[in-house]
Amino acid sequence: MESQHIFNGDMTRAARILVKVSAQYIAREANVTKEELRDFEKGRHDLS
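Pasting the structure below:
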């Protein structure tokens, strides 16, 4: 079964900003680099 993305980069960034959580915190909790998260939010990287 192929996984489906629930959040795209734009939605991820908007949600993060809405709840006032830093990119550094999200990256650390998701076990990705801040650069990978930034690239995902800009649509340049897939985190799956």
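To convert, take the position in the sequence shown, counting from 1, and add 668; that gives the numbering used here. Cβ atoms here follow ideal geometry from the backbone N, Cα and C, with glycine treated the same way. All values derive from a computational prediction rather than experimental measurement.
Indicate the three-state DSSP secondary structure (helix, strand or coil) for residue i in the structure shown.
i	result
K710	coil
K702	helix
Have a look at residue i and residue j and give me their C-alpha separation to the nearest angstrom.
i	j	result
V687	T680	11 Å
E703	G677	13 Å
A682	L705	13 Å
E697	S690	11 Å
Q692	F708	14 Å
N699	L715	10 Å
G711	T701	15 Å
Mind checking whether residue i and residue j have CB atoms under 7 Å apart?
i	j	result
R684	I694	yes
May I ask you to check if the CB of residue i is nearer than 6 Å to at least one heavy atom of the ligand COA?
i	result
A695	Among the components modelled here there is no ligand, and therefore nothing to report on the ligand COA.
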